[in-house]
Amino acid sequence: MITGKAAVFFGPGKPFEIRQISLPEVEPDAVVIRVSLANVCGSDLHFWRGDAALKLPADGWIFGHEMTGRVAHLGSRVKTDSLGRPLKEGDRVAYTYFYPCGRCYACLNKEPASCPAKIERPRGPGDFPHFNGAFAEYYYLRPGGHLFKVPDELPDALVSPVNCALSQVIYGLHQAGLRFGGTIVIQGAGGLGIQAAAVAKDMGAAEVIVIDQIPGRLELARAFGADHTINLKEVTERRDRVNLVRQYTGGAGADIACDFVGFPQVIPEGLDMVRSGGTYLEIGTISRGAKVELEPAQLVWGAKKIVGVIMYDAWVIPRALDFLVRNRTRWPFDRLVSHTYPLERINEAFADSEWHGRETTTITRAALVP
Ligand SMILES: [Zn+2]
Ligand SMILES: [Zn+2]
0 MITGKAAVFF
10 GPGKPFEIRQ
20 ISLPEVEPDA
30 VVIRVSLANV
40 CGSDLHFWRG
50 DAALKLPADG
60 WIFGHEMTGR
70 VAHLGSRVKT
80 DSLGRPLKEG
90 DRVAYTYFYP
100 CGRCYACLNK
110 EPASCPAKIE
120 RPRGPGDFPH
130 FNGAFAEYYY
140 LRPGGHLFKV
150 PDELPDALVS
160 PVNCALSQVI
170 YGLHQAGLRF
180 GGTIVIQGAG
190 GLGIQAAAVA
200 KDMGAAEVIV
210 IDQIPGRLEL
220 ARAFGADHTI
230 NLKEVTERRD
240 RVNLVRQYTG
250 GAGADIACDF
260 VGFPQVIPEG
270 LDMVRSGGTY
280 LEIGTISRGA
290 KVELEPAQLV
300 WGAKKIVGVI
310 MYDAWVIPRA
320 LDFLVRNRTR
330 WPFDRLVSHT
340 YPLERINEAF
350 ADSEWHGRET
360 TTITRAALVP
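Everything in the sequence shown is counted per numbering that gives the first Met the number 0, starting at 0 for the first residue and increasing by one.
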């Protein structure tokens, strides 16, 4: 029996434990992937920190989702990737990590990204197919999962953010309706916010404005195409920040503002920054139970929309890979994964990634090599 290492999570404040787990025989329509790089995503930090109540299985949880790897075992019926290109063991792939159910109202209406059943509750390592998360030697891509061959010119460190941060951002801006010549405010210059700046420029945005409180992150946002940055520590009044956005957008306010911060307190300010008729894109605040006070008349009188996005449709992944091939020398994508650790040092990787409550951080994305 083949086994592989996995980092098992037992709850906030408790260390991950490295366990050997047995790899199941691959089903005819499934693919076993040997993970080469797994990133610590902002949402992983929320779980680790305990920002939201979580019900964990008794035998713990293998989590993590932002990753890339190579085909280790192909199910007998899998001959190609999701674009029909021949696939063999050893090929580098980018892949989805969620599974729309195909049997619900959203799925029936061809909106798989809105399927309420696409992500399951945390599953323990005892649950088939055991390798249910990125922080492990293997990932079991279940039947129905999408996978795509990776162009040779893209190194793993560029590809590992593709199936979460980058695809999430591309799909979010698509759903929010960003158009050629549009203007956009990005709240939060973490992994998602920085990539959103570059994607918005590639989509033809005229003005990209990024807001954060950590100078190093704002510097990185400018390196990724931001036209303007606003430091919360320098412009301390909300009214002044809103006025700056008006000034940068010809007086109108931005077509789109987005929450990539993950704390709902930023939402009312972002709504103020949106122009009349514009759209607020909510992606960052995934913690259930986190609340904020809103003035609905602001939406009514401003004819504004709020769009929530969780996950993306699988067509985004090959477009994200193309985006990277097209722009890999235009923006410094190699700075996105700033630190790598062996899987055994996962506790250190999480502790080093923690930014909440800190003045400075040097880490943009920590990656684990299982
Ligand atoms: Zn993620
Ligand atoms: Zn469904």
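Backbone N, C-alpha and C fix where the C-beta goes; we use that ideal spot for every residue, glycine too.
Proximity test, A164 beta-carbon vs ligand 3 heavy atom, cut-off 7 Å
As far as ligands go, the structure on display features ligand 1 and ligand 2 and does not contain ligand 3.
Look at the alpha carbon of I345 and the alpha carbon of I193, and state the distance between them as a whole number of angstroms.
24 Å
Using 10 angstroms around the beta-carbon of S42, count the other beta-carbons present and answer buried if the total reaches 16, otherwise exposed.
buried
If we require 3 or more residues per run, which beta strand (DSSP E) segments fall completely within the segment 156-203?
182-186
Contact set for Q174: own chain, Cβ-Cβ below 7 Å, skip 5 residues either direction
V306 and V308
Is any heavy atom in ligand 2 found nearer than 7 Å to the beta carbon of P99?
yes
What residues are listed by DSSP as bridge partners for S21?
T2
What would DSSP say about D90, mapped onto helix, strand or coil?
coil
Three-way DSSP call (helix, strand, coil) for S113 in this model:
helix
Which runs of the alpha helix (DSSP H) fall wholly inside the segment 246-330 and span at least 4 residues, in chain order?
266-272, 295-301 and 315-326
Looking at the unbroken alpha helix (DSSP H) that takes in A71, where does it start and where does it end?
Where A71 is concerned, there is no enclosing alpha helix (DSSP H), although the beta strand (DSSP E) it sits in stretches over E65 to L73.
Does any heavy atom of ligand 1 sit closer than 7 Å to the C-beta of C40?
yes
Give a single yes or no on whether E206 has its beta carbon closer than 7 Å to a heavy atom of ligand 1.
no
Does the pairing of the segment 291-299 with the segment 134-153 give three or more beta-carbon distances under 8 Å?
no
With a threshold of 8 Å, are at least 3 pairs of Cβ atoms found where one atom belongs to the segment 235-244 and the other to the segment 261-277?
yes
For the alpha helix (DSSP H) holding D43, just list the boundary residues, first then last.
G41 to R48
The alpha helix (DSSP H) enclosing D351, as first and last residue numbers
I345 to S352
Can you tell which of G249, A196, Q246 and G277 has the C-alpha that lies nearest to the C-alpha of F259?
A196
Is the segment 92-106 touching the segment 155-164 in the sense that three or more CB pairs, one from each, lie closer than 8 Å?
yes
What residue range is occupied by the uninterrupted beta strand (DSSP E) comprising L107?
Looking at the DSSP string, L107 is not in any beta strand (DSSP E); the run it does join, the alpha helix (DSSP H), is Y104 to L107.
Pull up the CB-CB distance for L342 and P317, whole angstroms please, since I reckon it's below 8 Å.
So it is not a contact: roughly 28 Å between Cβ atoms.
Taking R141 as the reference, give the member of E24, L298, C114 and L44 with the closest Cα.
E24
Going by the C-beta, is E281 closer than 7 Å to any heavy atom of ligand 1?
no
What number of angstroms, rounded off, separates the C-alpha of I169 from the C-alpha of A319?
7 Å
So I183 packs on I210, CB below 8 Å; how close in whole Å?
Their Cβ separation, rounded to whole angstroms, is 11 Å, which puts I183 and I210 out of contact at 8 Å.
Bridge partner(s) assigned by DSSP for L140
V30
Given the structure, does E119 come close to ligand 1, in the sense that its CB is under 7 Å from one of the ligand's heavy atoms?
no
If we ignore side chains and look at the alpha-carbon of each, how far apart do G123 and S75 end up?
27 Å
Exposure of S166, with buried meaning 16 or more beta-carbon neighbours within 10 Å
buried
Can you give me the start and stop residues for the alpha helix (DSSP H) that P214 sits inside?
P214 to A222
Report the residue from Q19, G10, A6 and H72 whose alpha carbon sits nearest the alpha carbon of H64.
A6
K148: first and last residue of the uninterrupted beta strand (DSSP E) it sits in
L146 to K148
What are the residues that DSSP puts in a beta bridge with V368?
P341
Starting from H227, trace the beta strand (DSSP E) both ways and give me its first and last residue.
H227 to N230
Quick check: what's the CA-CA separation for V31 versus R84?
18 Å
Along the beta strand (DSSP E) that carries E206, what are the first and last residues, could you check?
E206 to D211
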